[in-house]
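S.K.:
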Ligand SMILES: [Fe+2]
Ligand SMILES: [Fe+2]
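Here it is in structure tokens:
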């Protein structure tokens, strides 16, 4: 467990070592304020077992009142049923994905505790402190949200900012870090326009840290700005593909 912020009644931590084997490395972020906690993008079944046993190091299980799903991918949401069955938490997911989630075996009884996030986003109260679900559509999912925490000033950006293959948890040198992000962003992010929309939105927020769902976090204001600038200048997805698809021989 790595602490990102700990002041007064507000805590931000993440776990970066609960994935194993062939699973893509994923971070599970937890925010706690007052007497309420939220898990962001909790992951699949194997991660669920480990995270559930480690969560008491941050909060009482009964204080887990919210679960956030940035989008519909298995590394985010495969264990939705488990989290909702053993807690009384409210979950949040893009309205676009609501009808698809029952296919993961989410029990009828708990489906009603998944609240659809409208396309425009949502602000919730975490133990009396606001937490903003900010639209980040097509980054990479068509119904996709990031989380801005105005207390810690951490911007949680899901798959945006993902890095794969490096050995550190916090970026120190931006230029040497680009090699771990570039391939993923060019192929998994579908459109340059969405990157530019995000950069414009991010520049309106007061950001101390950017924390993605995979790989290392950008732990300072300066590195966060470097990342926003990099995204602003990147071309990706359909914009760098040819004008037709190959047909395999
Ligand atoms: Fe994803
Ligand atoms: Fe992911």
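In my numbering, the protein residues as written are 782 to 1030. Cβ atoms here follow ideal geometry from the backbone N, Cα and C, with glycine treated the same way.
1) Could you spell out where the beta strand (DSSP E) holding residue 905 opens and where it closes?
2) For the alpha helix (DSSP H) containing residue 889, list its first residue and its last residue.
3) With distances taken from CA atoms, which of 979, 878, 1022, 897 is nearest residue 1006?
4) For residue 823, tell me which candidate among 967, 1011, 836, 951 has the shortest Cα-Cα distance.
5) Confirm, please, whether the CB-CB distance from residue 842 to residue 850 is below 8 Å.
6) Taking only runs of the beta strand (DSSP E) that begin and end inside the stretch 939 to 1014, which ones reach a length of at least 3 residues, in chain order?
7) Does the pairing of the stretch 997 to 1015 with the stretch 955 to 974 give three or more beta-carbon distances under 8 Å?
8) Please list, in chain order, all residues with a C-beta atom less than 5 Å from at least one heavy atom of ligand 2.
9) Hey, would you say residue 870 sits closer than 8 Å to residue 832, going by beta carbons?
10) Would DSSP call residue 912 helix, strand or coil?
11) Tell me whether residue 810, by its Cβ, gets closer than 7 Å to a heavy atom of ligand 1.
12) My output table needs one value for residue 834: the three-state DSSP class, helix, strand or coil.
13) Determine the DSSP secondary structure at residue 787, reduced to helix, strand or coil.
14) Going straight from the alpha carbon of residue 974 to that of residue 908, what length do you get?
15) What separation, rounded to the nearest whole angstrom, lies between the Cα atoms of residue 961 and residue 873?
16) Any idea what DSSP makes of residue 846, helix, strand or coil?
17) To the nearest angstrom, how far is it from the Cα of residue 934 to the Cα of residue 812?
18) Apply the 10 Å Cβ neighbour rule to residue 1082 and answer buried if 16 or more other Cβ atoms are within range, or exposed otherwise.
19) Roughly how many angstroms lie between the CA atoms of residue 754 and residue 915, to the nearest whole one?
20) Applying the 10 Å Cβ sphere with the 16-neighbour rule, what's the burial state of residue 949?
21) State yes or no: is the C-beta of residue 828 within less than 8 Å of the C-beta of residue 800?
22) As a quick exercise: from 880, 952, 861, 796, pick the residue whose alpha carbon is nearest that of residue 834.
23) Ignore the nearest five residues each way along the sequence and tell me which others in residue 1001's own chain have a CB closer than 6 Å to its CB.
24) If you pair each beta-carbon of the stretch 942 to 959 with each one of the stretch 882 to 899, do three or more pairs fall below 8 Å?
25) Assuming residue 861 is part of the alpha helix (DSSP H), what are its boundary residues?
26) With a threshold of 7 Å (Cβ to nearest heavy atom), would residue 852 be considered close to ligand 1?
M.R.: Walking through what the data contain:
1) 903 to 907
2) 889 to 892
3) 979
4) 836
5) no
6) 990 to 992
7) yes
8) 856, 940, 994
9) no
10) strand
11) no
12) helix
13) strand
14) 36 Å
15) 30 Å
16) strand
17) 12 Å
18) Nothing can be reported for residue 1082: it is not among the residues displayed for the chain, which extend from 782 to 1030.
19) Because the chain spans 782 through 1030 in this model, residue 754 falls outside it and cannot be assessed.
20) exposed
21) yes
22) 796
23) none
24) no
25) 861 to 867
26) yes
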